[in-house]
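Okay, so here's the structure we're looking at.
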Amino acid sequence: MAKTYDYLFKLLLIGDSGVGKTSILFRFSEDAFNISFISTIGIDFKIRTIDLDGKKVKLQIWDTAGQERFRTITTAYYRGSMGIMLVYDVTNEKSFENIKNWIRNIEENASADVEKMILGNKCDLDAKRQVSKERGEQLAVEYQIKFVETSAKDSLNVEFAFYTLARDIKAKMEKKQEASNPPGGRTGAHQLRANEQQRKPTSWLSRCSVL
Amino acid sequence: MPRDILSDSLAVLRIVEHEDEENWPLEDKTLCKQNSKKVSNAPINSHNEETYTKDDCACYYNYALGDNAANRQHDPIYQYKTSSLPAASSINQSWDEIVCSALRIAPEDIANQLSLLDLPCFKSIQPEELTTCGWTKLNKLTVAPNVVAFTKRFNRVSFWTVQEILNGQSPKARAETLAHFIKVAKKLYDLNNLHSLFAVISALHSASIYRLTKTWSCLSKKDKQQFDKLAELFGEKDNWTALREYMRSIALPCIPYLGIFLTDLVYIDMAHPVGSGSPHRVAKMTVVLKALERYQTSEYDIQPLPHVANYLNSVRYIEELQKFLEDDQYKLSLKLEPPSPIGSCVGSKESVKEVQVQGSSTPFTLSPSHRLGSGSLRIQGSYSQTKFIPTHRKCRSLGSKFRSASLPRNFHKVNFGVGIFGKSHSEDKDEKTPAGSVNLLDDTLLESPSSVSGAKMSQSLPYSDVLSIINPTECDFQSYVRRKTIIKDGRKISLSSWQRYWLQLSSNILVFYGSKTFKGTARSDFSKERCKVLPLHDGWRAVWLEGEASDAFQLIDHHVGTIYKFKTGCESTAKQWVEKINDVTYKMVKPLPANLMSFE
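From first to last, the protein sequence lines are chains A and B.
In case it helps, full-length UniProt numbering puts the first sequence at residues 1 to 211.
In case it helps, full-length UniProt numbering puts the second sequence at residues 1 to 600.
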C-alpha cells in the first residue's frame, strides 16, 4: 500500500494530571474520539494528517491521559518522539512550576534534539488565572522554547500550536538531510547545531562534548 | 530452626507503611500457622538457608533470651506483629546499616509476595472512584483513595527496584541485581501480575538505570533478551495493542496494569461528559468496569511469607518527595557511571555495545561514590561533580541553565530531614516531612499531614513519633554507659571496643551522646549533640548479666539479630535500665487476638 503521507511525526503531550492534555488532543485529533475506537485494539485514533508546504505530515499524538500518577514516562515512552507539547494549566500554579520538572524529565530521558513547545492551557478561565501570560513567556525564553496560551474549550491556538511544532520538526529534519549531503551553501550557526545534535544522549549533561 | 531467626533478620524493619499492613491477609490465621511449619521444608527457602550458613548466625542465637523468646521468633503471628512497629522505628536506619537487600530473597518469593500485597489493594478499588475520574481531581485522596493507593504501590515498587540496583557499587554488582529483577519480572509475568511487572520494567527503563551502560553490558544475553521480551508488552503502540491482546489471552488470576483502563475512562469522560446526558457514557464505562470487576475476582494460591512481606513493606516511599527522590537517584546514577565526556551516547541501547568495546581496554576505576555510605542518597559530592557543566559554551548557547533549572534553585542546600528513601536518614533536628494540606507535587489536597507518607493509620501510635523527639532535657532515664557491639545484624563483630556514651531513654527512643573527655562519667563530659538514635521496637529486650558482671546488661534486637553489651559501672543502674527498656518494649507488643495463644 502506498504511503498516504510524506512525514510521520511522533508527538507527546506531557504535563500534570488535569491540565487539559486530553481536551487539547480531543480538539485536534481527526476523529474527535470516535468513541467506538477507545480501547479498540490496533486502532490509533490519536492521529491527524496535516498539510505543510505541500507535504502530507501525519501526526501521531501520544497522551498519558489518566496515567500521570504511574511512573511510566521513561526512556521507552520518549523513544522516537520528535516533538513534545508541555502543557500546564494557567489556573493551576503547581502545574506551571512542574513544567521545569517535566523539562528535566525530558532532558534525562528523551533525545536532546526533540522539539518542544510550552502550552498554557485553559486561558479562557481568566477569572481563575494563577499564572500570567508574562510568566509563561518568561519561562519559554529561559528555556528557548516556543510558547502559546491555548484554550481547548474555545478552540483557541490549538491548531496553531500543533502546526507550529510540526513545522519546526520538519524544518529541523530537512536541515539535517541537507547537512548529510556534501557541503554546499552552508550557513553558519544552524548548520553547526544540526551537526552537534546528531547523537542522542539521554541527559542534558552528556550534551557537553568539550569540558 | 535457626534459619527462622534469619528469616526474621530479613524482616528488618525500620519503617512500615500502615496502609499495606492493613492489606496483608492477616485474617487467615490457619494459613499462617500452616506456614510456620511449611517454611522449614519449603524449597523456596533454601536461599535463606544458604545465607544463614554464610552469616554464621548461630552465635547470635545463644544470646537469646531463652525458650520463651525463641518460640516467639518462630511464630508467624508474632512476625506479623513486627510489622506494626511504631512510626518511631523509622529512625533506626540512621545508625544501623540494613542487612537486607532484594538479592537475598529468591525472585519467586519477591514476585509471590508482591502479588499478595497488590491484590487486596487492587480489589479495594470501587467503581465510583473510576466513573468520576476522581483520581485526576484535586481531592483525589477523598474521592479515589484506592486508585491512588494502587498507583502508589506501583511507584513504590518502581523506586525500590531502581534503588536496589543503584545500591550496587560496581557495574558487576549492579548487573547482578538487575538480573535478579529481570527474574522477578519473569515471575510476575508468570503470575499475571502485570501491575508490578510494569513497575519493574518501568524502573529498568528509567533514566537512572537505563543509562548505566557498563551495568547493562555486564548482563547476560539471555537476561537481556528476557527483559526486551517482557518490555515489549508495554509498548503504547497502536493503543496498547500488545498489552490489550495479551490480557485478553490470559486466564485469571491477573492483576492488570490499571493505567490503560484509566486512560480509556478519561477518554470516555472526554467524549461523553457527565452533563451531556449521553447514553454512551454509561454504556462505555460499564464495559471498562466489567472488565476490571472480573480481574478483581482473582485469587492467588500463594503462601504468605511474612518476612518477605515485611521487607517489602519496609521499603519506604513518600510520593510527595518523588521528584527529589528521582533527582537523587539520577545523580547517584551519574556518579556511579559518569557520562563519558566526549561524544557521549549514554542511554541509548545501542551504546551498550560501544561501551563493551571500550570497556575492554579501559580498566574499571572505583567510582567516587565508593565513599558514600551504601544507600545514602544525599546529594553531597554529586553536586560538585556536576559543577563543571555550566562552563561549557554549548550549555549556555542552548539556554540550559546550570542545575538544569528544573531543579529547585537551592536544591543543593535543601535538606529534607527524612531520608527520602528508606535507607538514608538524617539526624537533623528538623526531621519533618514537608507536610501541609496541599500536595507538594501537584497541589492536590491532602487529607491530613499523615497521608503524606501514605499512611492510613490503623491506630493511633502509642509511642512518640520520631518527628516529635527529642528534647534532651526530658527523658525517662539516663546515665553514663559503656557500650560494645557483640553482634550486628546477625554478624559477629570480632573487633569491637568499648565506647563511652551518655545514654538517654525518651519514650521508646534511646539516644546516645558521644564523649568529650577521656574519663568522665558526668553528663557534662558528654556532647550535647546526640550521635546515635535507636528507636526501640517490640523485638528489643534487655537482659541483666548478673553472672558475668553485675553492672552490665545486654540489649538484644530479636528481629535483625543485634546484640549490644552495656556496662554502667553500677549494679542498680544496670537493673534499672533493663527494667525501663523492657517496660517500653513489652508494652509495644500489641495484645493478641483473643483466640490466639499469648506468649507473655
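Idealized CB from N, CA, C, for every residue including glycine.
Residues in the same chain with beta-carbon distance under 8 Å from residue i, minus the five sequence neighbours each way, listed in chain order, please.
i, result
"B:N146", "C121, S124, I125, Q126, E129"
"A:D154", "D124"
"B:M247", "L194, C254, P256"
"B:I486", "Y63, K492, I493, S496, Q554, I563, Y564, K565"
Using C-beta distances below 7 Å, list every residue in its chain close to residue i, excluding the 5 sequence neighbours before and after it, in chain order.
i, result
"B:L265", "L130, C133, M285, V288"
"A:W102", "I14, G15, L86"
"residue 601 of chain B", "In the structure as shown, chain B begins at 1 and stops at 600. Residue 601 of chain B is therefore absent and cannot be evaluated."
"A:K122", "G20, D89, V90, T91, S151"
Suppose you measure from the CA of residue i to the CA of residue j; what does that come to, to the nearest Å?
i, j, result
"B:K137", "A:E93", "15 Å"
"B:W502", "B:L336", "38 Å"
"B:L555", "B:I250", "52 Å"
"B:Q225", "B:S170", "22 Å"
"A:T4", "A:Y143", "35 Å"
"A:F28", "B:F227", "36 Å"
"B:T573", "B:E319", "44 Å"
"B:K587", "B:F477", "17 Å"
"A:K46", "B:L114", "34 Å"
"A:F26", "A:S180", "37 Å"
"B:R244", "A:V141", "42 Å"
"B:I268", "B:A185", "32 Å"
"A:I61", "A:G18", "18 Å"
"A:E97", "B:S515", "47 Å"
"B:P273", "A:V148", "27 Å"
"B:D583", "B:V560", "20 Å"
"A:V131", "A:I145", "18 Å"
"B:K329", "B:A549", "First, the amino acid is wrong: residue 329 of chain B is Gln here, not Lys. Taking the straight line from one Cα to the other gives about 48 Å."
When you compare each of the options to residue i by their alpha carbons, which one comes out closest?
i, options, result
"residue 611 of chain B", "B:K187, B:K565, B:E546, B:Q226", "Only positions 1 to 600 of chain B appear in this structure, which leaves residue 611 of chain B out of reach."
"A:Q138", "A:K172, A:I50, A:I118", "A:I118"
"A:A166", "A:K176, A:V131, A:A140, A:K116", "A:K116"
"B:F261", "B:G569, B:V543, B:T151", "B:T151"
"A:I106", "B:A207, B:K222, B:I486", "B:A207"
"B:A144", "A:Q130, A:A140, A:R69", "A:R69"
"B:T332", "B:C475, B:I165, B:A231, B:D557", "Sequence check: residue 332 of chain B is Leu here, not Thr. Comparing Cα positions, the closest option is B:I165."
"B:S202", "B:Y480, B:I268, B:L178, B:N239", "B:L178"
"B:L233", "B:L188, B:G168, B:K222", "B:L188"
"B:D118", "B:A309, B:A283, B:A271, B:G168", "B:A309"
"B:D506", "B:C475, B:D538, B:Q322", "Before going further, note that residue 506 of chain B is Ser rather than Asp in the sequence given. Comparing Cα-Cα distances from B:S506 to each of B:C475, B:D538, B:Q322, the minimum goes to B:C475."
"B:T521", "B:N239, B:A271, B:G569, B:G490", "B:G569"
"A:D63", "A:T22, A:K56, A:N98, A:Q177", "A:T22"
"B:Y300", "B:A111, B:K575, B:E548, B:D583", "B:A111"
"B:H205", "A:G66, A:T74, A:R48", "A:T74"
"B:L305", "B:Q322, B:I486, B:D109", "B:D109"
"B:W240", "B:T263, B:L219, B:C218, B:K528", "B:T263"
Could you check whether the Cβ of residue i sits closer than 8 Å to any Cβ belonging to chain A?
i, result
"B:V184", "no"
"B:L262", "yes"
"B:V224", "Per the sequence shown, the amino acid found at residue 224 of chain B is Lys instead of Val. Chain A, which has no Cβ nearer than 8 Å to the Cβ of B:K224, makes this no."
"B:L312", "no"
"B:K323", "yes"
"B:Y246", "no"
"B:F566", "no"
"B:N582", "no"
"B:A231", "yes"
"B:V266", "yes"
"B:T131", "no"
Give a yes or no on whether 8 Å exceeds the smallest Cβ distance from residue i to chain B.
i, result
"A:G66", "yes"
"A:F26", "yes"
"A:A76", "yes"
"A:T91", "no"
"A:G18", "yes"
"A:F9", "no"
"A:L59", "no"
Quick one: what's got a C-beta closer than 6 Å to residue i's C-beta in the same chain, skipping five residues either side?
i, result
"B:K488", "T562"
Exercise. Counting pairs of Cβ atoms below 8 Å between the stretch 530 to 537 of chain B and the stretch 508 to 515 of chain B, do you hit three or more?
Worked result: Taking 8 Å as the limit for Cβ pairs, the verdict is that the stretch 508 to 515 of chain B does touch the stretch 530 to 537 of chain B.
Exercise. Are the stretch 200 to 213 of chain B and the stretch 252 to 264 of chain B touching by the rule of at least three beta carbon pairs closer than 8 Å?
Worked result: Too few Cβ pairs lie closer than 8 Å, so no.
Problem set entry | Given 8 Å, three or more beta-carbon pairs between the stretch 10 to 17 of chain A and the stretch 66 to 83 of chain A | Taking 8 Å as the limit for Cβ pairs, the verdict is that the stretch 66 to 83 of chain A does touch the stretch 10 to 17 of chain A.
For this session: Determine, using beta-carbon pairs with one atom in the stretch 573 to 581 of chain B and one in the stretch 484 to 502 of chain B, whether at least three such pairs fall under 8 Å.
Result: Taking 8 Å as the limit for Cβ pairs, the verdict is that the stretch 484 to 502 of chain B does not touch the stretch 573 to 581 of chain B.
Exercise. So, do the stretch 149 to 158 of chain B and the stretch 315 to 323 of chain B have three or more beta carbon pairs nearer to each other than 8 Å?
Worked result: They touch, by the three-pair rule.
Exercise. Can at least three beta-carbon pairs, one atom from the stretch 183 to 197 of chain B and one from the stretch 100 to 117 of chain A, be found at a separation below 8 Å?
Worked result: Result no; under three Cβ-Cβ pairs closer than 8 Å.
For this session: Count the CB pairs spanning the stretch 274 to 282 of chain B and the stretch 100 to 109 of chain B that are closer than 8 Å, and state whether there are at least three.
Result: No: the two stretches stay apart, fewer than three of their Cβ pairs being nearer than 8 Å.
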